[in-house]
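The structure under discussion appears below in the form of structure tokens.
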Amino acid sequence: MDEAVDLLAAANPAPREWTEVATAPIIAAIEWFGEMGMFCAHLFRAVLRPPYEFGELARQCDEIGSKSLPLVALAGAATGVVLSLQTRAALVRFGAKSMLPAVIIFSIVKESGPVITALVVSGRVGAGIGAELGAMKVSEQIDAMEASAVDPFSYLIATRVAACVLMLPLLTLLSNLCGILMGWFATTLTEPVTLRHFLDSGFHGVMFSDFLPPTLKTLVFGWIIGIVACFEGMRTKGGTEGVGRAARTSVVLASLFVILADVFLVRIILVLYP
Amino acid sequence: MSEALTVRKPCIEVKDLHKAFGPQKVLDGLNLQVSSAETLAVLGRSGIGKSVLLKLLIGIQKPDSGSIRIDDTDIAGLDERALNEIRKKMGFLFQNAALYDSLTVGENVAFPLQRHAKMPDAELTNKVRALLTSVGMEKAIAKLPSELSGGMQKRVGLARALALDPKILLFDEPTAGLDPISAAEIGALIVDLNKKRNITSIVVAHDVRGARTFADRVVLLNDGRIIAEGTFDDLEKNRDPFVQQFLGDTSREKIAA
Chain A
1 MDEAVDLLAA ANPAPREWTE VATAPIIAAI EWFGEMGMFC AHLFRAVLRP PYEFGELARQ
61 CDEIGSKSLP LVALAGAATG VVLSLQTRAA LVRFGAKSML PAVIIFSIVK ESGPVITALV
121 VSGRVGAGIG AELGAMKVSE QIDAMEASAV DPFSYLIATR VAACVLMLPL LTLLSNLCGI
181 LMGWFATTLT EPVTLRHFLD SGFHGVMFSD FLPPTLKTLV FGWIIGIVAC FEGMRTKGGT
241 EGVGRAARTS VVLASLFVIL ADVFLVRIIL VLYP
Chain B
275 MSEALTVRKP CIEVKDLHKA FGPQKVLDGL NLQVSSAETL AVLGRSGIGK SVLLKLLIGI
335 QKPDSGSIRI DDTDIAGLDE RALNEIRKKM GFLFQNAALY DSLTVGENVA FPLQRHAKMP
395 DAELTNKVRA LLTSVGMEKA IAKLPSELSG GMQKRVGLAR ALALDPKILL FDEPTAGLDP
455 ISAAEIGALI VDLNKKRNIT SIVVAHDVRG ARTFADRVVL LNDGRIIAEG TFDDLEKNRD
515 PFVQQFLGDT SREKIAA
């Protein structure tokens, strides 16, 4: 009888107060940022003292950097083509067709190159790291590492975050290159123009300050992707389902924070380089 | 036998250990002493906190209160670096071996050695080979863990746990999920280790019959504390209904076998 009552109670939990329902997500968000703060603190402690896992860092640079090359190149190329097609129509309407190369190169270098690269990498690498660390967590491999007196923050986390930070600017450069080349290619299809002429007129007004800050802001994007995916992977609970959840949350949060960070970074860059 | 054991210096001493996960009390005032070179089996029903006890002993989880002394050092208050020094003296065989699945068998065994035992590459390779030979897995050195069966993974896990020549070995359900022959082989390896290397072992198990083959002494865990301890013979004389029920099941198993 008592068991039946317990079962009923479990099936129909007492209705929660509306204040509790309203505050629960806020508390969860505050907890998330608190735990993330502690995670970062642990990571900094691990980074500040040896041993350094250079072998694993190289492996992660290959995993995160080299293996993202085709995807990033393709995304960059597609952006270039689309920019050429769309802006051309708009510029023709305003009688500013000669500005086409400059508009394509400006948009790619200043905004779409870095952001699209970061979003593509969030998807590929965020899910990869989230799922890999999540699977290691639920199969006790992280525990086994600690039991072997090896700090998972040195071996697993620091290497992955560092690889993301180092690789993202390089991937962005590649994406920019593919975007500009394909932008030129798409332009020549409707109106033949030499690559040299396209680049000359496109880069005419571009200054170093147009190029460097947007490329360097991808360091921050790399940090966000690495730290969010590692954090979500390491707090995985509950078997295979938990691993799936870790991968999904990593991608969603990494993409979201990249976009939000971009708003702030663009604002800061505009203040520093008016 | 038990008199001889109590004279020896305790290698592991646990006092009034408490650990809870939220409202659920897992360990509730547990006391335990393990002498050096002893093989102790910790028995109890599934999900009762036996694995938690092992993880507390190696510092992967922190106790809520109580003290854990390993070789006269209380590990509860240690920072990560000091804890790692203690961990180097201990080996842990996880329930599902927990081999790093991106590394080969050889790299798994080399993992702790590369980081803690400064030795030239040639010596390292020889040591890895020797460790794998001691568990009968030398032929699998270049394989990935996913290519091995459960029993083979546990053997490699054991080789990895032995890599730093530990004084203490912790086994989490070493025979669970294995066929009787593989289970007996792992049991034989545990006995062998204890004899050859004088290792202090704590073996968590729920299978009484298996534990009988390798353990010097047994403790029975229930409701967060130890309710019976001694040799198997001592336990059989115990009149406590839970102890009788726990052992009774295995006597029936014995008949069936």
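From first to last, the protein sequence lines stand for chains A and B. For the first sequence, this note's numbering begins at 1 and goes up steadily by one. For the second sequence, this note's numbering begins at 275 and goes up steadily by one. For each residue, glycine too, the CB sits at the ideal point set by N, CA and C. Quantities reported herein were computed from a predicted structural model and do not represent experimental measurements.
(1) For A433(B), would you say it is in contact with chain A, using Cβ-to-Cβ distances shorter than 7 Å as the test?
(2) Does DSSP put A531(B) in a helix, in a strand, or in coil?
(3) So, are the CB atoms of T187(A) and G113(A) less than 7 Å apart?
(4) Is the segment 143-160 of chain A in contact with the segment 39-55 of chain A, if contact means three or more CB pairs nearer than 8 Å?
(5) Give me the subset of the segment 354-379 of chain B whose CB atoms are less than 9 Å from a CB atom of chain A, sorted by chain position.
(6) For the segment 9-51 of chain A, list the beta strand (DSSP E) runs that are entirely contained and at least 3 residues long, ordered along the chain.
(7) Between V72(A) and S175(A), which are expected to be in contact by the criterion C-beta below 8 Å, what is the C-beta distance as a whole number of angstroms?
(8) Give every residue of the same chain whose Cβ lies closer than 6 Å to the Cβ of G333(B), excluding the five residues on either side of it in the sequence, and list them in chain order.
(9) Against R389(B), what residues of chain A qualify as contacts under a CB-to-CB distance less than 8 Å, listed in chain order?
(10) DSSP state of K289(B), grouped into three classes?
(11) How would you write the range of the alpha helix (DSSP H) that D62(A) sits in, first residue to last?
(12) Measure the beta-carbon distance from D143(A) to A372(B) and round it to whole angstroms, keeping in mind my assumption that it falls under 8 Å.
(13) Quick check on Q307(B): does DSSP put it in helix, strand or coil?
(14) Are the C-beta atoms of I334(B) and some chain A residue less than 7 Å apart?
(15) Which residues in the same chain as I259(A) place their Cβ atom closer than 7 Å to its Cβ, once the five residues preceding and following it in sequence are excluded?
(16) So what's M1(A) in DSSP terms, helix, strand or just coil?
(17) Which residue from N382(B), Y374(B), L387(B) and G351(B) puts its Cα closest to that of K362(B)?
(18) Give the DSSP bridge partners of Q141(A), in chain order.
(19) Which residues of chain A have a Cβ atom closer than 8 Å to the Cβ of P386(B), listed in chain order?
(20) Below 8 Å on the Cβ atoms is my guess for A294(B) versus V300(B); work out the distance and round it to an integer in Å.
(21) Would you please state the rounded distance, in angstroms, between the beta carbons of A254(A) and S122(A)? I believe it to be under 8 Å.
(22) In chain order, which continuous runs of the alpha helix (DSSP H) of length 4 or greater are located wholly inside the segment 369-426 of chain B?
(23) Between the segment 314-331 of chain B and chain A, which residues of the former have CB atoms less than 9 Å from a CB of the latter, in chain order?
(24) Report yes if the CB atom of A102(A) is closer than 7 Å to the CB atom of G179(A), and no otherwise.
(25) Under 9 Å between beta-carbons, which chain B residues line up against A131(A)? List them in chain order, please.
(26) Pick helix, strand or coil for G451(B), following the three-state DSSP scheme.
(27) Can you confirm whether E280(A), when its beta carbon is compared against all beta carbons of chain B, has any partner nearer than 7 Å?
(28) Just to confirm, does Q86(A) get its C-beta within under 6 Å of one of the non-hydrogen atoms of the ligand NAP?
(29) Please list the residues of the segment 43-71 of chain A that have a C-beta atom closer than 8 Å to any C-beta atom in chain B, keeping them in chain order.
(30) Excluding sequence positions up to five away, which residues of its chain have a Cβ less than 7 Å from the Cβ of N472(B)?
(31) Between the alpha carbons of S84(A) and A90(A), how many angstroms are there, rounded?
(32) Straight-line CA distance for D497(B) to I322(B)?
(33) Just to check my reading of the structure: A46(A) and A158(A) have Cβ atoms closer than 8 Å, yes? What is that Cβ distance to the nearest angstrom?
(34) Among D345(B), A458(B), K469(B) and M364(B), whose alpha-carbon lies nearest the alpha-carbon of A532(B)?
(35) Return the CA-CA distance between A315(B) and G451(B), expressed in angstroms with no decimal places.
(36) Can you find the residues in the same chain that come closer than 6 Å, C-beta to C-beta, to K97(A), ignoring five residues on each side of it along the sequence?
If we stick to the structure as given:
(1) No, A433(B) does not count as interfacial toward chain A.
(2) The pLDDT assigned to A531(B) is 44, lower than 50, so where the model puts this residue is not dependable; a value taken from the coordinates is nonetheless given after this. Coil, per DSSP.
(3) Result no, Cβ atoms of T187(A) and G113(A) do not sit closer than 7 Å.
(4) The segment 143-160 of chain A makes contact with the segment 39-55 of chain A; the number of CB pairs closer than 8 Å reaches 3 or more.
(5) Residues E354, R355, L357, N358, E359, I360, R361, K362, M364, G365, F366, F368, Q369, N370, A371, A372, L373, Y374, D375 and S376.
(6) As far as the segment 9-51 of chain A is concerned, it has no whole beta strand (DSSP E) run of at least 3 residues.
(7) Contact between V72(A) and S175(A) holds, with the beta-carbon distance rounding to 5 Å and staying under 8 Å.
(8) These residues qualify, in order along the chain: I349 and L357.
(9) Those within 8 Å of R389(B) in chain A are P51, S148, A149 and V150.
(10) The answer is strand: DSSP assigns K289(B) an E or B state.
(11) Element bounds for D62(A): F54 to I64.
(12) Between A372(B) and D143(A) the Cβ distance is about 7 Å, and since that is below 8 Å, they are a contact.
(13) Here Q307(B) sits in strand by DSSP.
(14) Cβ-Cβ to chain A under 7 Å: yes for I334(B).
(15) Sequence-distant partners of I259(A) (beyond 5 residues in either direction) whose C-beta falls short of 7 Å from its own C-beta are missing from its chain.
(16) With a pLDDT of 44 at M1(A), under the threshold of 50, the modelled position of this residue cannot be trusted, and the question is left open.
(17) Ranking N382(B), Y374(B), L387(B) and G351(B) by Cα distance to K362(B) puts L387(B) first.
(18) Assignment of beta-bridge partners to Q141(A) by DSSP yields no partner.
(19) The contacting residues are S148, A149 and V150.
(20) 6 Å between Cβ atoms; contact.
(21) Correct: roughly 4 Å between the Cβ atoms.
(22) You should have 379-390 and 395-408.
(23) Answer set for the segment 314-331 of chain B: K329.
(24) It is not a contact, given that the beta carbons lie outside the stated cut-off.
(25) Within chain B, no residue has its CB atom less than 9 Å from the CB of A131(A), the nearest being about 12 Å off.
(26) Assignment of G451(B) by DSSP, reduced to helix, strand and coil, places it in the coil class.
(27) Examination of residue 280(A) is not possible in this model, given that chain A is present from 1 through 274 alone.
(28) Looking at this structure, you won't find the ligand NAP or any other ligand, since it has none at all.
(29) Residues passing the 8 Å Cβ filter: P51.
(30) Taken in chain order, the residues that qualify are A311.
(31) Here the alpha carbons of A90(A) and S84(A) stand approximately 10 Å from one another.
(32) Those two C-alpha atoms are separated by around 7 Å.
(33) Contact check for A46(A) and A158(A): beta-carbon distance about 6 Å, within the 8 Å limit, so the pair qualifies.
(34) The shown model of chain B, from 275 to 531, leaves out residue 532(B), and the question about it has no answer.
(35) Straight-line Cα distance between these residues: approximately 18 Å.
(36) For K97(A), where only same-chain residues beyond five positions count, the Cβ hits under 6 Å are L91.
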